[in-house]
Each structure stands twice: as C-alpha cells, then as structure tokens.
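Undergrad:
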Amino acid sequence: MVINIKEKIKSLIKQALQELGFADFDNMPEFTIEHPGSMAHGDYASNVAMVLAKATKTNPKDLAEKIVEALKRVLPLAKGEAGGGLIEKIEVAGAGFINFKLTPRYFNNTLKNIIANDLNNNFEFSNLYKNEKILVEHSSPNLFKSFHIGHVMNNTIGESITRLARASGAEVAVISYPSDLSLGIAKAVYILLEDGIEKLNTFKTDNEKLNYLGDCYVRGTKAYDDEVVQVRVRQIVKILYESTPGPEMEAYKIGK
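All residue numbers for the sequence shown refer to my numbering, where the first residue is 62 and numbers rise by one.
(1) With DSSP run on the structure shown, which of helix, strand or coil describes A110?
(2) What did DSSP end up calling Y285 once you bin it into helix, strand or coil?
(3) With a threshold of 16 other CB atoms inside 10 Å of the CB of G103, please say whether the residue is buried or exposed.
(4) Do G219 and K248 come within 7 Å of each other at the CB atom, strictly closer than that value?
(5) Anyone know if the C-beta pair for L204 and D256 falls short of 7 Å?
(6) With DSSP as the reference, identify every bridge partner of F158, one or two as the case may be.
(7) Give the straight-line distance between the Cα atoms of N215 and L254, rounded to the nearest whole angstrom.
(8) Pull the bridge partners of K194 from the DSSP assignment, please.
(9) Any contact between the stretch 267 to 287 and the stretch 225 to 242? By contact I mean 3 or more CB pairs, one from each, below 8 Å.
(10) Determine which residues share a DSSP beta bridge with I105 and list them.
(11) Enumerate in chain order the residues of its own chain whose CB-to-CB distance from I252 is below 6 Å, with the five nearest sequence positions on each side excluded.
(12) Out of curiosity, what's the CA-to-CA distance linking G146 and T217?
(13) Near I315, which residues of its chain fall below 7 Å by C-beta distance, leaving aside the five closest residues on each side in sequence?
(14) Does the beta-carbon distance from I236 to E198 come in below 7 Å?
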C-alpha cells in the first residue's frame, strides 16, 4: 500500500524532537506539514520549529537548525520507505520553516503501488471541490486546418484537469467550441482568394483539400505581416461576420 507521507514526516519529526528532549507530545502545540508555496522550497514544509519556539521562548531559526540536525541523525536509522528511501534533502528556510524534498525513489514506488493496487479504490480522491461547478473548455478545433499535435496537447491537459476536478468532488462540464469564424480563418480565405477558389477543385481527395486549406492558414499568417494584407484581411473578417454576399463568403463556404 501507499504510505501516508505526512504521517511519516510527522513521525520522523517527533523522533528528532525526542532526541532533543521534547518528550511530552500530548501537551505539545500542534504543528503543520503542508506543501510550500513554491516547489523550489521542496515537497513539504513544517512550521514545527516556529510553533515550539513560541511556546519555549527560543529563536525559531536556531531551533529549526537543531531539529534539522537531529532529523539527519534520525534518518539513517529509519530503513526503506520509512526514512532512508523517503527524504532526499532537509533544510531550514525563512524565519524557521523546515523544508523536505522527497526522493525520486519515493515517487517511483508510489506510482507503481497506485497502478498495481489502488486504481480501482479511488486512490486519494478528495472533497476539495465538493459542491463546486467547474467548466473546462479544451480542444476547440479550427476550420481550415486539421488537428495537430497542439490540439492533442490541449485535449490531454483538458481531460487531465477534468478528471482531477471530478476526483476532487466537483461537478464538471466539458465543452469544445469549434472556431468557425476568426481572424485566422480570414487569413486563410485571403490566400484562397489570391490562389483562386477553383484551385480546390484540382485536388482529388478530401485529405488533399484539407492539407491545402491548412497550407492556406499558414501562408495567410505569414502574409499578415504585410500592412497592406492586414487591411484586406480585416476587411474579410468584417464581410464574414456580416455574411455579406461576394467572393469572400463563397470562399469561406467552400472551405467550411
């Protein structure tokens, strides 16, 4: 089974405190073990030194350094996942926080255990977003170009966020808005008109036509660097939004 990392760190801290002479754990002020604000500060951080310093009227940073030294003496005695294979680095930060960086071995073993034993047991599902409603938009394909690796990335990220939110108790709605009218599409229409709409008829298969439209999209983006082209493309955008009859709408409908 996967170990409870917070409880393990708490246990190690108590061992270190015991070595320093803090034995009355029942009357000890409560301290926290949380994720720090930045991953640069490690995987977990504890305010134990600051809490104890206040109660004992000592300097929190000095006490934190003593606790860290005691932890380093305790860790070699803790075998396997209980200590030696758990924590890679312990250091004092700020006014007296103690930061813990976990070992790659711990993460690797945890993932293996989750895959082997806990996937069907709702591993670590939480109620963090219980009663919350979350809307996730991803994918949103564009006309005039086929799906590419960027869309796959958006799908993967969007689906991951969706599953994480649902696993945290949220009611999640997922939407994808196909982009059928935009500046980018107007750029592609511009190239279609420059090449001549009839060029589409020279391609035999739908796949060839789709590749050509994608090429129009790319060429239109490059052409848009020209200020004269920018004026024309913005004119096409207005025509398309207003559905004004003409060659622009004809090219748009054929491409669509």
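Ideal Cβ positions, reconstructed from N, Cα and C, are used throughout, including at glycine. Just so you know, these numbers come straight off a predicted model, no measurement behind them.
TA: On the basis of the supplied data:
(1) To locate residue 110, count along the sequence shown from 1; it is residue 49. In this structure, A110 counts as helix in the three-state DSSP scheme.
(2) The sequence position of residue 285 within the sequence shown is 224, counting from 1. Three-state DSSP puts Y285 in coil, outside helix and strand.
(3) What you label residue 103 is simply residue 42 of the sequence shown in a count that begins at 1. So G103 counts as buried.
(4) The sequence position of residue 248 within the sequence shown is 187, counting from 1. The sequence position of residue 219 within the sequence shown is 158, counting from 1. No, Cβ-Cβ distance for K248 and G219 is not below 7 Å.
(5) Start at 1 with the first residue of the sequence shown, and residue 204 comes out as number 143. Start at 1 with the first residue of the sequence shown, and residue 256 comes out as number 195. Cβ distance not < 7 Å, so L204 and D256 don't count as in contact.
(6) The count along the sequence shown starts at 1 and reaches residue 158 at position 97. Paired residues: A154.
(7) Residue mapping note: residue 215 aligns to position 154 of the sequence shown, counting from 1. Residue mapping note: residue 254 aligns to position 193 of the sequence shown, counting from 1. Between N215 and L254, the C-alpha separation is close to 31 Å.
(8) In the sequence shown, residue 194 corresponds to position 133, counting from 1. For K194, which the question treats as bridged, DSSP gives the partners E232.
(9) no
(10) As a first step, residue 105 must be located in the sequence shown, where it is residue number 44. Residue identity differs from the one stated: residue 105 is Tyr in this sequence, not Ile. Y105 is bridged to F161.
(11) Along the sequence shown, one-based indexing puts residue 252 at 191. Closer than 6 Å at the Cβ level, and outside the excluded window around I252, lie C277, R280, G281.
(12) Counted from its first residue, the sequence shown places residue 146 at position 85. Counted from its first residue, the sequence shown places residue 217 at position 156. Roughly 32 Å between the two C-alpha positions.
(13) The residue labelled residue 315 in the question sits at position 254 within the sequence shown. Taken in chain order, the residues that qualify are I258, L261.
(14) Working through the sequence shown from its first residue, we reach residue 236 at position 175. Working through the sequence shown from its first residue, we reach residue 198 at position 137. Result yes, Cβ atoms of I236 and E198 sit closer than 7 Å.
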